[in-house]
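Trainee:
Numbering (the numbering used here), first residue to last: 107 to 869.
1. Is residue 800 closer than 8 Å to residue 545 when the C-beta atoms are compared?
2. Comparing C-alpha positions only, which one of 373, 732 and 333 sits nearest to residue 582?
3. Reducing DSSP to helix, strand and coil, say where residue 869 ends up.
4. Taking the DSSP output, what are the residues bridged to residue 820?
5. Can you tell me which of the three DSSP states residue 387 falls into?
6. Please list, in chain order, all residues of the same chain as residue 329 whose beta carbon is under 7 Å from its beta carbon, the five residues on each side excluded.
7. Specify, as a first and last residue, the run of the beta strand (DSSP E) that residue 354 falls within.
8. In terms of alpha-carbon separation, which member of 400, 452, 396 and 285 lies closest to residue 416?
9. On the three-state DSSP scale, how would you describe residue 221?
10. Starting from residue 295, follow its DSSP beta bridges and name the residues at the other end.
11. Could you have a look at residue 176 and say whether DSSP puts it in helix, strand or coil?
12. From the DSSP output, in three-state form, read off residue 594 for me.
13. Should residue 506 be labelled buried (16 or more other beta-carbon atoms within 10 Å of its own) or exposed?
14. Could you pull out every residue in the same chain whose Cβ sits closer than 6 Å to the Cβ of residue 347, ignoring the five residues on either side in sequence?
15. Which residues bound the alpha helix (DSSP H) around residue 756?
16. Kindly indicate which three-state DSSP category residue 622 falls into: helix, strand or coil?
17. So, under 8 Å CB-CB, residue 486 and residue 458 are touching, yes? Tell me the CB distance rounded to an integer number of Å.
18. Taking 8 Å as the limit between beta carbons, can you name the residues of its chain near residue 367, skipping five residues before and five after?
19. For the alpha helix (DSSP H) containing residue 413, name the first residue and the last one.
20. Could you give the distance in angstroms between the alpha-carbon of residue 775 and the alpha-carbon of residue 620?
21. Is it buried or exposed, residue 892, if we count other Cβ atoms within 10 angstroms and call 16 or more buried?
22. DSSP three-state label for residue 786, please.
23. For residue 481, which residues from the same chain have a beta carbon less than 7 Å from its beta carbon, with the 5 sequence-adjacent residues on both sides left out?
24. If you draw a straight line from the C-alpha of residue 426 to the C-alpha of residue 205, how long is it?
25. Quick one: any contact between the region 654–669 and the region 738–756, if contact means 3 or more CB pairs under 8 Å?
26. Verify whether the separation of the beta carbon atoms of residue 870 and residue 690 is less than 8 Å.
27. Under the three-state reduction of DSSP, which class applies to residue 707: helix, strand or coil?
28. Quick check on DSSP: helix, strand or coil for residue 631?
29. Please name the residue in 744, 498 and 659 whose C-alpha comes closest to that of residue 616.
30. Can you have a look at residue 551 and say buried or exposed, based on whether 16 or more other CB atoms are within 10 angstroms of its CB?
31. Return the Cβ separation of residue 627 and residue 757 in integer angstroms, given the expectation that the two are a contact with Cβ distance under 8 Å.
32. Could you check what DSSP says for residue 677 in three-state terms: helix, strand or coil?
33. How do the region 400–413 and the region 281–298 stand: do at least 3 beta-carbon pairs fall below 8 Å, yes or no?
34. Can you say whether residue 696 is buried or exposed, counting buried as having 16 or more other CB atoms within 10 angstroms of its CB?
35. Give me, in chain order, the residues of the same chain whose beta-carbon lies closer than 7 Å to that of residue 326; leave out the 5 immediate sequence neighbours on both sides.
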């Protein structure tokens, strides 16, 4: 930490000193004076350099100010009078949003049930068991707060999937928040999902030196979660955690990645020794907890029992005629009793079969019932018309929900919260033939053609047709040689491709044209020797990196030979050229084109596709020559356009073409390494294609609001949404989007036919 501070101060002093030296010189030149002889060739760069130095100084100063302010932040801000009520208000708002978005709350509203606590049937029984004591049973009127108090504020909540563990934890959090409002000495309850904990062990400068590496990583993750969720600053949260001012309610031990799940018990044990943790509750699925090697050291456990038949029937009876069909079906089908054994499945069935006849519930085994029940639930909630809500096509809705569910389940971190952006590991392994075809057979050819065509057009306009031909031939060669990252695929979806091809052609052409004009323009403003030095530095660093990373001696020898050839060719071309500036510009153009082509080749890195038959592959003549006609056509069109606009058929500066060839040879070593920004651009392209092909919505927030209005998502914060339950998410991730969308359309048609049917009466 001190070294970083010293480096920032040194950088600040250096930038200010250089500015104080250059500023009088720039002012003197601007008022008619002259600059010193050694600065005379660079006088035009004085003001830009001063601007950059000032920017560096300002940014460095702000970073230094913020770091000093953060150091002193924890010393006094934790005891500010407004901190506690502000934190409590944010906690209360978050808990209210979570509770209102829960499926149980939505079901009560949909069925017009009384939402008073005394009028709501509690769909669970609790078994409270202190460690080393006999089991105590608390039935329908159980109060989770009382159980928490009986277990000395140290409790584990166990239950099957969908049994209501999170609902109980929410009830406990709301009760503890009410206590904290009335009693200033009560800790603030903070509900945190454990799914985002990755068991990191890295140390930071602000970690408590007495903590183990694992505990330090857990505390740092916990404080960052509190900052993100409740806007409790990390420094304040650390003080509160140490002084026992936080009640930790940790949800979803079973959602922690398998290798790290057993680490939580020793972490919480050390946390209890090192910090003042007065209240602690953890939820976990019963089966996953039984498989742990290390048990949590808590006072006792609350186990949620499956629903009894009487509870299920009473629940359906509370819905009146709206749930009469569901009740009749479950009474005559024994298999349904094994399915509706948790509050989640009870609520899903209530919403799925609200107002429907018992005959709508198909017969079958337990797995068929579960799948059919979730399909019916999703079809029913999506088929209901809400005038105030935006409408979407069923196919687009199911595709988007399927994509979000798959992504949320496979990504690292919170596996129920819908993320705000694509993550590096979010899509690896998701095979979408429609997206793969668009990426490999439409986007890549169009981008290659546009990029080489734009670069050829710019080079021809600047240095004539020979230089343009050199760029075109060089680009065609680089595209043709390995690695070939594209696949030859078949278009099964028969998607419209013309508009997407035009968009990608334009993007590639703008990128090629703009980068060449910008690069050549910058190089032309520099002295030729400085431009050559910068190019040599870039080439030398790339060769050095390749030399270090190469494993075989043969590869290293070839690199050394190639570097000698490049140095010799570059020096000869520069010293013998009549126009060294044109040679350096051509060299820069060659390097830019090479980087651009490498970048496009790296774009399919997120689009993992696999052959479905023998006609789809990365090898063979068709794959080998797939891109060449596109690149050749792009180069030819660019040359014709340049000549039509008045470009010279000859070249007054042939050194530019020579520079392009030297750049082509020099850039060969960069082939094996992924270029900068390749990963980010690949994910941007993938997200664009997912939206283009209908797998993700263009307007994300509007779609998330729509899905929350249909009980499939729940609003968990400002602009934040999560799937209503893990089982709903898993069903969507495993479903066939096309088949489920067809069921939704059928249900919409059935509801429309029912509402439009004429009413008859006997006269």
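Backbone N, C-alpha and C define an ideal beta-carbon position, used for all residues, glycine too. Remember, it's a predicted structure, so these values are computed and weren't measured experimentally.
Mentor: If we stick to the structure as given:
1. no
2. 732
3. Any reading at residue 869 must be qualified, since the residue scores a pLDDT of 28, below 50, and its modelled position is unreliable; the value itself is stated next. Note: residue 869 maps to coil in three-state DSSP.
4. 828
5. strand
6. 340, 343 and 344
7. 352–357
8. 452
9. At residue 221, the pLDDT of 34 sits below 50, so the modelled position is not reliable and the matter cannot be decided from this model.
10. 353
11. Low confidence applies here, because residue 176 scores a pLDDT of 48, under 50, leaving its location unreliable and the question unanswered by this model.
12. strand
13. buried
14. 381
15. Careful: residue 756 lies outside any alpha helix (DSSP H) and carries neither H nor E.
16. helix
17. 5 Å
18. 359, 360, 394 and 398
19. That residue, residue 413, is in no alpha helix (DSSP H); it is neither H nor E in DSSP.
20. In this prediction, residue 775 has a pLDDT of 48, which is less than 50 and means its spatial position is unreliable; nothing more can be read from the coordinates.
21. Because the chain spans 107 through 869 in this model, residue 892 falls outside it and cannot be assessed.
22. helix
23. 846 and 849
24. 24 Å
25. no
26. The chain is shown only over 107 to 869; residue 870 falls outside these bounds and no answer can be derived.
27. helix
28. helix
29. 744
30. buried
31. Not quite, the Cβ-Cβ distance comes to about 19 Å (not below 8 Å), so this is no contact.
32. helix
33. no
34. buried
35. 310 and 313
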